[in-house]
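S.K.: One structure follows; several queries about it will come next.
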Amino acid sequence: MNDASSSNPAVTANEAAGSDPLAVALAEEVGASHVLSDVDLRAPFETDWTRRFSGTARLVVRPADTIEVAGVLRRCSEAGVPVVPQGGNTGLVGGGVPRHGEVVLSLSRLDGLGEVDRQAGQVTAGAGVTLAALRAHAADAGLSYPVDFAARDSATVGGMVATNAGGIRVIRYGPTRRQVVGIEAVTADGRVVSRMAGLVKDNAGYDLAGLLAGSEGTLAVITRVRLQLVPSLGARVVALVAVEDIRAAQRLLTRVRAVAPSLEAAEVFFAAGLRLVQCHAGGGAPFGVEHPVYLLLECAAHSDPTEELAGALGEATEVVDVAVATDGPSRARLWALREAHTEAINAEGVPVKLDISLPSHAMGTFVDRVHGVVADVSPEALTIMFGHLGDGNLHVNVLGVEPGSQAVDDAVLRLTVELGGSISAEHGIGQAKLEWLPLHRDPTDLAMTAGIKHALDPAGLLNPGVLVPIDPQPDRGRP
Ligand code: MLT
Ligand code: ZN
């Protein structure tokens, strides 16, 4: 995470104090060296990881704890200045970067991790703790935090909860919301709400933690969470299976799911994506020849699940070829072929990234048709797909699209909705998909969402332009 402020605090402090009264007020809350106004210091907080979304921040402010977050939000609320909360800046829908001169509130310094409560199997984590640090901390206590994904070294707990992050183990453990058993957050006007007892059963009113999970920083700023951990399963096996097409991958997965309760991940990628990965990240060819579709399966248990997986794959006619890995380094090599997709695509250009989910009966039709609908509006574009087949979640990445054009977004999201899917599976709506939300949610649904937003953030200062429209949206019409 950027720590440029500490390299030259005097310059920043002088600039902060000098020109902007809000900077002076915020410096009183967090210290002048944590209010960044200098163009170069702000820059890493102003562009998202994909390079598709960027804007200018009035200031970047880096509080150290919940009290300082509350002070920052109170000052911004008094000044009527909007705030964009930001975690590890790994979001993919432009939900954590400024748009129109907001204050960026970086939570990265809230990186405290409590001692693991072994009896409850829970831990308290600050919003700025990285996923990798959280997982390592849980592992040190002989437990596991089950949500995991490739951006683990940068993505932080606050952002993960705010976006209800999914990842590679959702089929077994569910997304982030399911792990949250307590939450502490700060309201738009600087009040602290706290439910951190970690009670698994607590039906006293609305589920605020569940509501804030997935709210994308639009309702309150999450500062700490209490997370449920799971047993650590030390015996693992990974199989990369080559199949003929997506329908064969689905049939095979259905069979594996039915007989292998140890199944923990079921990921898919295609020949075009693997080619890009090999070009940009290397890793060697998994098989002697290229295959159209690859299904990556991982099983985990207390005792070796290899027999269970082998039994499931056994006589399956869908299996064209298979590579199996049991030791850590070999498993990591197979996983790298899947996890390197994001970076390989980014190395090729700035992609349009569309994270969608589909009912299983529509997956084959979607894969058949998506290349065509993209080619119709952007003939030169290259469509690369990969994702979490077990959750019906595909990441549609399109390279070579005219910068600023939304024709591909429109075509792919319309196809998704036509087939009964969701325009966001796990990345959120952000600013990227706001225009298409009325395609997927009916007017009553949208009105309830707007009502919740208004009740919790009446002045509309938290992450404006993300998830909930600032102004009424153009009616794109339901399919
Ligand atoms: C993944 O599954 O690797 C992530 O969601 C990132 C991405 O979609 O690029
Ligand atoms: Zn994903």
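In this text, residue positions in the sequence shown follow our numbering: the first is 51, and each later residue adds one.
Ideal placement from N, C-alpha and C gives every residue a C-beta, glycine not left out.
Tell me which residues share the same chain as Leu326 and place their Cβ nearer than 7 Å to its Cβ, disregarding the 5 neighbours each side in the sequence.
M.R.: Ala394, Ile395, Glu398, Ile434
S.K.: List the endpoints of the continuous alpha helix (DSSP H) containing Ser410.
M.R.: 410–427
S.K.: Below 8 Å between beta carbons: does that hold for Val110 and Glu266?
M.R.: no
S.K.: Is it right to say Leu142 is buried, meaning 16 or more other beta carbons lie within 10 angstroms of its own, or is it exposed?
M.R.: buried
S.K.: In this structure, what does DSSP give as the bridge partners for Asp371?
M.R.: Under the DSSP definition of a beta bridge, Asp371 partners with Ala292.
S.K.: Collect the residues with a C-beta less than 7 Å away from any heavy atom of ligand 2 and give them in sequence order along the chain.
M.R.: Phe199, Gly216, Gly217, Asp405, Gly437, His438, Asn443, His445, Glu476
S.K.: Only counting the same chain, and skipping five residues up and downstream in sequence, which positions put a Cβ closer than 6 Å to that of Gly144?
M.R.: Asp98, Phe103, Gly480, Gln481, Ala482
S.K.: Which of the three DSSP states, helix, strand or coil, is assigned to Gly176?
M.R.: strand
S.K.: Where are the alpha helix (DSSP H) runs, 4 residues long or more, that stay fully inside the stretch 116–191, in chain order?
M.R.: 116–129, 181–190
S.K.: Determine, using beta-carbon pairs with one atom in the stretch 269–281 and one in the stretch 157–176, whether at least three such pairs fall under 8 Å.
M.R.: yes
S.K.: How would you write the range of the beta strand (DSSP E) that Lys503 sits in, first residue to last?
M.R.: No beta strand (DSSP E) contains Lys503, which is instead part of the alpha helix (DSSP H) from 493–506.
S.K.: Pull the bridge partners of Asn446 from the DSSP assignment, please.
M.R.: Residue identity differs from the one stated: residue 446 is Val in this sequence, not Asn. Paired residues: Leu404, Met435.
S.K.: Give the single residue among Val197, Leu76, Leu346 whose Cα lies nearest to the Cα of Leu439.
M.R.: Leu346
S.K.: Could you tell me whether the Cβ atoms of Glu314 and Arg381 are closer together than 8 Å?
M.R.: no
S.K.: Whole angstroms are fine: how far does the CA of Ser83 sit from the CA of Ala60?
M.R.: Residue confidence is low: Ala60 scores 39 on pLDDT, short of 50, so the model does not pin down where it sits. No coordinate-derived value is stated.
S.K.: Would the beta-carbon of Lys251 be found less than 7 Å away from any heavy atom of ligand 1?
M.R.: Set against 7 Å, the gap from the CB of Lys251 to the closest heavy atom of ligand 1 is not smaller.
S.K.: Would Ala146 pass as a contact of Val134 if the rule is Cβ separation under 8 Å?
M.R.: Residue 146 is actually Gly in this sequence, not Ala. With a cutoff of 8 Å on beta-carbon distance, Gly146 and Val134 are scored as near each other.
S.K.: Would Glu368 pass as a contact of Ala298 if the rule is Cβ separation under 8 Å?
M.R.: In this structure, Ala298 lies closer than 8 Å to Glu368 by Cβ.
S.K.: For Val420, I'd like the list of residues in its chain whose CB is within less than 8 Å of its CB, leaving aside the five on either flank, ordered along the chain.
M.R.: Excluding its 5 nearest sequence neighbours in each direction, Val420 has C-beta neighbours in its own chain below 8 Å: Thr433, Met435, Val446, Val462, Leu465, listed in chain order.
S.K.: Quick one: what's Ser204 bridged to in DSSP?
M.R.: In DSSP, Ser204 forms no bridge with anything.
S.K.: In the DSSP assignment, find the alpha helix (DSSP H) that holds Leu326 and state where it starts and stops.
M.R.: 321–330
S.K.: According to DSSP, what are the bridge partners of Glu317?
M.R.: Leu346
S.K.: Is the Cβ-Cβ distance between Asp405 and His477 less than 8 Å?
M.R.: A Cβ-Cβ contact shorter than 8 Å links Asp405 with His477.
S.K.: Which first and last residues belong to the beta strand (DSSP E) in which Leu277 is found?
M.R.: 271–278
S.K.: At which residues does the beta strand (DSSP E) containing Leu109 begin and terminate?
M.R.: 109–111
S.K.: With a threshold of 7 Å, establish whether the CB of Lys503 neighbours any heavy atom of ligand 1.
M.R.: no
S.K.: Quick one: Cα of Val131 to Cα of Glu152, how far?
M.R.: A straight line joining the alpha-carbon of Val131 with that of Glu152 spans about 7 Å.
S.K.: For the beta strand (DSSP E) holding Ala114, just list the boundary residues, first then last.
M.R.: No beta strand (DSSP E) contains Ala114, which DSSP labels as neither H nor E.
S.K.: Cα separation between Ala475 and Ser407?
M.R.: 5 Å
S.K.: Please determine if the stretch 496–515 and the stretch 242–256 are in contact, where contact requires at least 3 C-beta pairs separated by less than 8 Å.
M.R.: no
S.K.: Going by DSSP in three states, Ala247 sits in which element: helix, strand or coil?
M.R.: coil
S.K.: When every heavy atom of ligand 1 is checked, does at least one fall within less than 7 Å of the C-beta of Thr106?
M.R.: For ligand 1, not one heavy atom lies less than 7 Å from the Cβ of Thr106.
S.K.: In or out: Thr304 buried (at least 16 other Cβ within 10 Å) or exposed?
M.R.: exposed
S.K.: Quick check: the Cα distance between Ala114 and His150, rounded to an integer number of angstroms?
M.R.: 25 Å
S.K.: May I have the straight-line CA-CA distance separating Thr392 from Gly217, to the nearest angstrom?
M.R.: One alpha carbon belongs to Thr392, the other to Gly217, and they sit about 13 Å apart.
S.K.: Shorter than 7 Å, the distance from the beta carbon of Thr392 to the closest heavy atom of ligand 1, or not?
M.R.: Relative to ligand 1, the beta carbon of Thr392 is positioned inside 7 Å of a heavy atom.
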